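J.: This is the structure, below, for whatever I ask next.
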Amino acid sequence: MKTLAKAALFALAASFPLLAAAHKAFLLPSATVLSDGDDAWITVDAAVSNDLFEFNHFPLALDGLAITAPDGARVEPENVGNGKWRNTFDVHLTHQGTYKIAVSTDGAFATYEDANGEKKRARGDAATIAQRIPAGAKNVEITQAQNTVETFVTLGKPNDLALKPSGRGLEFVPVTAPNDLFAGETASFRFLLDGKPAAGIKVSAIRGGTRYRDAPDELTATTDADGKFSLTWPVAGPYWLSASTEGGTPTLANAKTRRAGCTVTLDVLP
Amino acid sequence: MRMLAVSALLFGLFALPAGAASVDLTVEIPRLDVAEYHRPYVAVWIEREDHAVAANLAVWYQAKNGKDAKSGKSESGTKWLADLRQWWRRSGREQTLPIDGVTGATRPAGQHQLHFDAGKPPLAGLPAGSYKLVVEAAREEGGHELVAVPFAWPPQKPEHLSAQGEHELGALRLDLNP
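If you read the sequences in order, they're chains A and B.
The first sequence lines up with residues 373 to 642 when you count with our numbering.
The second sequence lines up with residues 209 to 386 when you count with our numbering.
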């Protein structure tokens, strides 16, 4: 029972960006800029944690993992491991260019009153949420929660084929190449919501190593009319960038609202 | 007539872009007293004001596959080229390695002299302007350092420029000969 509750809580944390605000979901690659020809390996940690980039809360489920190679092809993860605090997998890089590694979830949760007038909740994914609500339920409210947790690595010369937006949910679109980030420099990116510029969205970036300092040292920005924003990295390190919005139309037919979130691990070099 | 000849001579002197000019460069790799010493990877290049690379002068790295001392596994020497972070982003990742006349094996501690003539690669065709000579070093299980010296090309008179590294690089001397 305890395990079940915990699993449910995890599903909740992983699916809902707003609820997950205190729990930071991330993918942490072992290297982001690689130079070894056409046969390189990285390993990636996947976790949901309170601190960056520690493993102290839950492993990040890899069900929605998609690795896109520089030529646009899908790559399967290797040596997948499921741990108590984190999941891990390796990626064999065999193409020159930029890889996108992303875990996407299309979750949903519902509140309703059952036949006895008791308030109940149900959660699942977009495809199954309707089946989890008993017939005869009243005041059904369904919220769709689309979330993406992603990172980028580049072998050799960067390219942007794997970075093309899909048009679904809140998407991070690099303007500055995502593996060309250096301390003291300014980088620009865009957020799109369902393929259109996501204007007025608050963006936060927190550098890893929070457990060794008192202040969160959060960088913030707001997207402009074009969905664009810029950040100047004060120091090198892995940064956890996140944004979420309740705007846009749900793609789930019977959902009343839709929450879309996106978190990105960006490696800033000295 | 005499005036004309003199001005023609002067004109000729200044108009000559870099005909006979040359560059002598001394890069010092410091001797370090550390438990496990590996020769550093070093890149030497000329950078434009916008940081674009105008010419690669030297890249010293392990071109052949080596064996990892601990695991005994064969490892590509290019794996650590990305540790020359600035060179890699500005030029390295665009190149097909090795680069003829530029790349070579890692070098031991000491002073290394390099000579380049204006008319020959990699300096041939370098337009007049403001540049920086940049030297970057990265050492396995060690540090990283970048030292730069600004200069104008072509030199109008002999110039002796220098900079001093602090840990991974020693003295850097740039002698420009018109």
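A virtual CB, placed ideally from N, CA and C, is assigned to each residue, including glycine.
Predicted model, so just to flag it, every value in this text is computed and none were measured.
Over what stretch of residues does the alpha helix (DSSP H) that includes Q294 (chain B) continue unbroken?
T.: In the second sequence, residue 294 (chain B) corresponds to position 86, counting from 1. Where Q294 (chain B) is concerned, the enclosing alpha helix (DSSP H) stretches over R293 to R298.
J.: Listed from N- to C-terminal order along the chain, which residues in the stretch 270-295 of chain B have their beta-carbon within a distance smaller than 7 Å of any beta-carbon of chain A?
T.: S284, T286, K287, L289, A290 and R293
J.: Tell me the residue span of the beta strand (DSSP E) that contains A507 (chain A).
T.: Taking the first residue of the first sequence as 1, we reach residue 507 (chain A) at position 135. Membership of A507 (chain A) in any beta strand (DSSP E) is not indicated, and neither H nor E is assigned to it by DSSP.
J.: Under the three-state reduction of DSSP, which class applies to A393 (chain A): helix, strand or coil?
T.: Within the first sequence, residue 393 (chain A) is the residue found at index 21, counting from 1. Residue placement at A393 (chain A) is poorly supported in this model, since its pLDDT is 47, which falls under 50; the coordinates are not used for a value here.
J.: Taking CB distances under 7 Å as the criterion, tell me whether G528 (chain A) reaches chain B.
T.: As a first step, residue 528 (chain A) must be located in the first sequence, where it is residue number 156. Taking Cβ atoms only, chain B reaches closer than 7 Å to G528 (chain A), which makes this a yes.
J.: I want to see whether chain B comes within less than 7 Å of L533 (chain A), judged by CB atoms only; does it?
T.: Here residue 533 (chain A) refers to the residue found at position 161 when the first sequence is read from its first residue. So, not an interface residue.
J.: Select from A:I505, A:S476 and A:A480 the residue whose C-alpha is nearest the C-alpha of A487 (chain A).
T.: As a first step, residue 487 (chain A) is located in the first sequence; it is residue number 115 there, counting from the start. Of the candidates A:I505, A:S476 and A:A480, the one whose C-alpha sits nearest the C-alpha of A487 (chain A) is A:I505.
J.: Beta strand (DSSP E) containing P610 (chain A): first to last residue?
T.: The residue given as residue 610 (chain A) occupies position 238 in the first sequence. Residues G609 to T617.
J.: Could you tell me how far apart the beta carbons of A615 (chain A) and K574 (chain A) are, in whole angstroms, since I believe they sit closer than 8 Å?
T.: Start at 1 with the first residue of the first sequence, and residue 615 (chain A) comes out as number 243. Start at 1 with the first residue of the first sequence, and residue 574 (chain A) comes out as number 202. With 8 Å as the limit, A615 (chain A) and K574 (chain A) qualify as a contact, their Cβ atoms being about 7 Å apart.
J.: So which of A:K568, A:G556, A:T595 and A:G609 has the shortest CA-CA distance to G581 (chain A)?
T.: For the purposes of this step, residue 581 (chain A) is taken as the residue at position 209 of the first sequence. Ranked by Cα distance from G581 (chain A), the options A:K568, A:G556, A:T595 and A:G609 are led by A:G609.
J.: Based on Cα-Cα distance, which residue from B:A356, B:P306 and B:P330 lies nearest to Y339 (chain B)?
T.: For the purposes of this step, residue 339 (chain B) is identified with residue 131 of the second sequence, where counting begins at 1. Of B:A356, B:P306 and B:P330, the residue nearest in Cα terms is B:A356.
J.: Using a Cβ-Cβ cut-off of 7 Å, state whether S602 (chain A) counts as contacting chain B.
T.: Along the first sequence, one-based indexing puts residue 602 (chain A) at 230. With 7 Å as the cut-off, S602 (chain A) does not count as an interface residue toward chain B.
J.: Could you work out which residues of chain A lie near G300 (chain B), taking near to mean beta carbons separated by less than 8 Å?
T.: One-based indexing of the second sequence puts residue 300 (chain B) at position 92. Near G300 (chain B) (Cβ distances below 8 Å), the residues of chain A are S407.
J.: Here's a check: name, in chain order, each residue in its chain whose Cβ is nearer than 7 Å to the Cβ of A625 (chain A), leaving out the five neighbours to either side.
T.: By one-based count along the first sequence, residue 625 (chain A) stands at place 253. Cβ within range, chain order: n/a, list empty.
J.: Count the C-beta pairs between the stretch 488-504 of chain A and the stretch 521-536 of chain A that are closer than 8 Å, then say yes if the count reaches three, no if not.
T.: no
J.: Does any CB atom of chain B fall closer than 7 Å to the CB of L651 (chain A)?
T.: Summary: the structure shown does not reach residue 651 (chain A), with chain A confined to residues 373 through 642, and so no result is reported for it.
J.: Within 7 Å of any Cβ in chain B, is that where the Cβ of L434 (chain A) sits?
T.: The count along the first sequence starts at 1 and reaches residue 434 (chain A) at position 62. Chain B, which has no Cβ nearer than 7 Å to the Cβ of L434 (chain A), makes this no.
J.: Going straight from the alpha carbon of K328 (chain B) to that of N459 (chain A), what length do you get?
T.: Residue 328 (chain B) sits at position 120 when you count from the first residue of the second sequence. Residue 459 (chain A) sits at position 87 when you count from the first residue of the first sequence. Distance between the alpha carbons of K328 (chain B) and N459 (chain A): 55 Å.
J.: Starting from A329 (chain A), follow its DSSP beta bridges and name the residues at the other end.
T.: Limits of chain A in this structure are 373 at one end and 642 at the other, which puts residue 329 (chain A) out of reach.
J.: Is there a Cβ from chain B that is less than 7 Å from the Cβ of L465 (chain A)?
T.: The residue labelled residue 465 (chain A) in the question sits at position 93 within the first sequence. For L465 (chain A), the answer is no, since every Cβ of chain B falls outside 7 Å of its Cβ.
J.: For S282 (chain B), which residues from the same chain have a beta carbon less than 7 Å from its beta carbon, with the 5 sequence-adjacent residues on both sides left out?
T.: Position 74 of the second sequence, counting from 1, holds the residue named residue 282 (chain B). Contacts found: N273 and K275.
J.: Please classify N451 (chain A) as buried or exposed, where buried requires at least 16 other C-beta atoms within 10 Å of its C-beta.
T.: Numbered from 1 along the first sequence, position 79 holds the residue referred to as residue 451 (chain A). So N451 (chain A) ends up on the exposed side.
J.: Evaluate the contact criterion for the stretch 347-355 of chain B versus the stretch 240-248 of chain B: three or more CB pairs, one atom per stretch, below 8 Å.
T.: yes
J.: Less than 8 Å between the CB atoms is what I'm expecting for T526 (chain A) and V405 (chain A), so what's the real figure, rounded?
T.: Start at 1 with the first residue of the first sequence, and residue 526 (chain A) comes out as number 154. Start at 1 with the first residue of the first sequence, and residue 405 (chain A) comes out as number 33. Indeed, because the Cβ distance is near 6 Å, the residues count as touching under 8 Å.
J.: Which residues share a DSSP beta bridge with G312 (chain B)?
T.: By 1-based counting over the second sequence, the position of residue 312 (chain B) is 104. Bridge partners of G312 (chain B): B:W268.
J.: Return the chain-ordered list of same chain residues with a C-beta closer than 6 Å to the C-beta of V342 (chain B), the five sequence neighbours on each side being excluded.
T.: As a first step, residue 342 (chain B) must be located in the second sequence, where it is residue number 134. Around V342 (chain B): W253, E255 and A356.
J.: Can you pull out the residues from the stretch 542-569 of chain A whose beta carbon lies closer than 7 Å to at least one beta carbon of chain B?
T.: D552
J.: Under 8 Å between beta-carbons, which chain B residues line up against L641 (chain A)? List them in chain order, please.
T.: Taking the first sequence and counting its residues from 1, one reaches residue 641 (chain A) at position 269. Those within 8 Å of L641 (chain A) in chain B are R293.
J.: Excluding the 5 residues preceding and the 5 following P537 (chain A) in the sequence, name in chain order all residues of the same chain whose CB lies nearer than 8 Å to its CB.
T.: Working through the first sequence from its first residue, we reach residue 537 (chain A) at position 165. E543, V545, L564 and G567.
J.: When DSSP labels each residue in this structure, what does T623 (chain A) get in the three-state scheme?
T.: Position 251 of the first sequence, counted from the start, is the residue given in the question as residue 623 (chain A). Residue state, collapsed to three classes: coil.
J.: Within 10 angstroms of the Cβ of A393 (chain A), are there 16 or more other Cβ atoms? Answer buried if so, exposed if not.
T.: The residue you call residue 393 (chain A) lines up with position 21 of the first sequence. At A393 (chain A) the pLDDT is 47, less than 50, meaning the model places this residue with poor confidence and gives no usable figure here.
J.: In chain order, which continuous runs of the beta strand (DSSP E) of length 3 or greater are located wholly inside the stretch 332-385 of chain B?
T.: 337-346, 352-361, 367-372 and 379-385
J.: With the cut-off set at 7 Å, would you say K475 (chain A) and I439 (chain A) are in Cβ contact?
T.: Reading the first sequence from its first residue, position 103 is the one you call residue 475 (chain A). Reading the first sequence from its first residue, position 67 is the one you call residue 439 (chain A). Checking the displayed sequence, the identity of residue 475 (chain A) turns out to be Val instead of Lys. No. Outside cutoff.
J.: In the DSSP output, what is E302 (chain B) paired with across the bridge?
T.: Start at 1 with the first residue of the second sequence, and residue 302 (chain B) comes out as number 94. According to DSSP, E302 (chain B) bridges with nothing at all.
J.: Beta-carbon of A393 (chain A) versus every beta-carbon of chain B: anything under 7 Å?
T.: Counted from its first residue, the first sequence places residue 393 (chain A) at position 21. A caution first: A393 (chain A) carries a pLDDT of 47, below 50, which makes its placement in the model unreliable, though a value can still be read off. No, no contact with chain B.
J.: Out of A:K510, A:T548, A:A632 and A:F554, which has the shortest C-alpha to C-alpha gap to G489 (chain A)?
T.: Counting from 1 along the first sequence, the entry for residue 489 (chain A) is found at position 117. Nearest of A:K510, A:T548, A:A632 and A:F554 to G489 (chain A), Cα basis: A:K510.
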